[in-house]
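Each remark here refers to the structure printed beneath this line.
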Amino acid sequence: MKGTIIKGIAGFYYVKTDDGRLVECKARGKFRYDELTPMVGDLVEIAEADGKGVIDAVLPRKSQLTRPAVANITQALIIFAYKDPDINLELLNRFLVLCEYNNLNITVCMNKSDLNAGQNDKIIEMIKSAGYDFLSMNADKGIGTDQIKEKLKDNITVLCGPSGAGKSTILNSLAGRTLMETGVVSNKLGRGKHTTRHSELIEVEDGFIVDTPGFSSLDIDFIKREELMYSFPEFQDFIGKCRFTGCIHHKEPDCAVKEAVEQGVINPIRYDFYIKMLEEITDLRRNKR
Ligand SMILES: Nc1nc2c(ncn2[C@@H]2O[C@H](COP(=O)(O)OP(=O)(O)OP(=O)(O)O)[C@@H](O)[C@H]2O)c(=O)[nH]1
Ligand SMILES: [Mg+2]
Ligand SMILES: [Zn+2]
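Residue numbers (the numbering used here): 21 to 309.
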């Protein structure tokens, strides 16, 4: 029988089988899975006896994130709020790059539309100009959740974004019941009152969702200088059209990407962010020598 690991606690894995049951499973010795330790999100083959299961095989992973530690995530909903908290534009762009780097389908959701007074119009324009799907929502009133539901089928979707943006509120609204604690962030500790320590997949609309705690910073420094450009979808039409092969669209002359910025085709906020990341990555490399 095949299934998906939706939760792992203390050596047990909870597998949602393809015929719709939840089976508590033990793993076999690690070596049996070619060095893979089963993780949440894994597609597995299980054998059952007396209502208990054993994981026989872990199927090849399509992706593997570490924060959250979940395999086979296909889609990200990047959740920010119009206000409370204010948008950290750099953090938003870091989320975009990180999700893009992991080949996830991306939708940006701006929550708390009840607090929208047009203060983020430039940011929304930037998001749309980069080609991303954009949704405006008011999660605590359940407004906007239907549009999200349409995207869930057959996906494992991660909800990510800063603390307080409304991720858990959105998940509760999607699930139609309170699964996640929501509330004001305890500012001293910088984390929510009920930080979840293990990741769990929640089944909604023929797909799975995983909530994450809010992040206030994100490392994207492991991306190589030469490959950073590929995590900016709006650059793709121009890559390869520059005068120099191997152009990283920084200080080179006759650069098609920079021309697109000048002509207003590529949003300058995104280009400036690209340069900032590029310089950060370059500095880091230099310091390591
Ligand atoms: N005004 C307003 N408040 C909202 C809305 N959605 C959620 N909130 C409130 O925002 C606060 C934070 O919501 P959470 O869902 O806990 O935020 P979170 O993103 O899960 O935060 P972390 O778990 O800390 O990462 C709660 O007090 C919610 O009631 C909304 O649409 N409008
Ligand atoms: Mg939360
Ligand atoms: Zn160039």
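For each residue, glycine too, the CB sits at the ideal point set by N, CA and C.
For residue 167, the enclosing alpha helix (DSSP H) starts and ends at 165-169.
Using a Cβ distance threshold of 9 Å, residue 298 and residue 270 count as a contacting pair. Taking C-alpha positions only, residue 231 is separated from residue 104 by approximately 19 Å. When Cβ pairs closer than 8 Å are counted between the two stretches, the segment 130-137 is seen to touch the segment 151-167, the count reaching three or more.
Between residue 301 and residue 121, the CB-CB gap reaches or exceeds 9 Å. Apart from sequence neighbours up to five positions away, the residues of its chain that approach residue 149 with a beta-carbon distance below 6 Å are 287, ordered along the chain. A straight line joining the alpha-carbon of residue 198 with that of residue 190 spans about 10 Å.
Annotated as proximal: residue 60 and residue 89, with beta-carbon spacing under 9 Å. For the set 266, 72 and 47, the Cα lying nearest the Cα of residue 245 is the one of 266.
Annotation: residue 70 to residue 44 spans about 11 Å, alpha carbon to alpha carbon.
Under the DSSP assignment, residue 281 falls outside any beta strand (DSSP E), being part of the alpha helix (DSSP H) whose first and last residues are 276-282. Residue environment for residue 273: exposed (fewer than 16 other C-beta atoms within 10 angstroms of its C-beta).
Rounded to whole angstroms, the separation of the alpha carbons of residue 277 and residue 264 is 12 Å. According to the DSSP assignment, residue 268 belongs to no beta strand (DSSP E), since it is labelled neither H nor E. Taken from the Cβ of residue 157, every heavy atom of ligand 2 lies 8 Å or farther away.
Sequence-distant Cβ neighbours of residue 169 in its own chain, meaning closer than 7 Å and more than five residues away, are 194 and 225. In this structure, DSSP gives residue 117 a helical state, which the three-state scheme calls helix.
Apart from sequence neighbours up to five positions away, no residue of its chain approaches residue 145 with a beta-carbon distance below 6 Å. Counted as a single uninterrupted DSSP element, the beta strand (DSSP E) harbouring residue 176 occupies residues 176-180.
Just so you know, the alpha carbons of residue 78 and residue 36 end up roughly 14 Å apart. Secondary structure within the segment 111-162: the alpha helix (DSSP H) runs of 4 or more consecutive residues, fully enclosed, are 141-149 (chain order).
Residue 58 is positioned such that its CB atom lies no closer than 9 Å to that of residue 34. One thing to note: residue 130 has its Cβ no nearer than 9 Å to the Cβ of residue 123.
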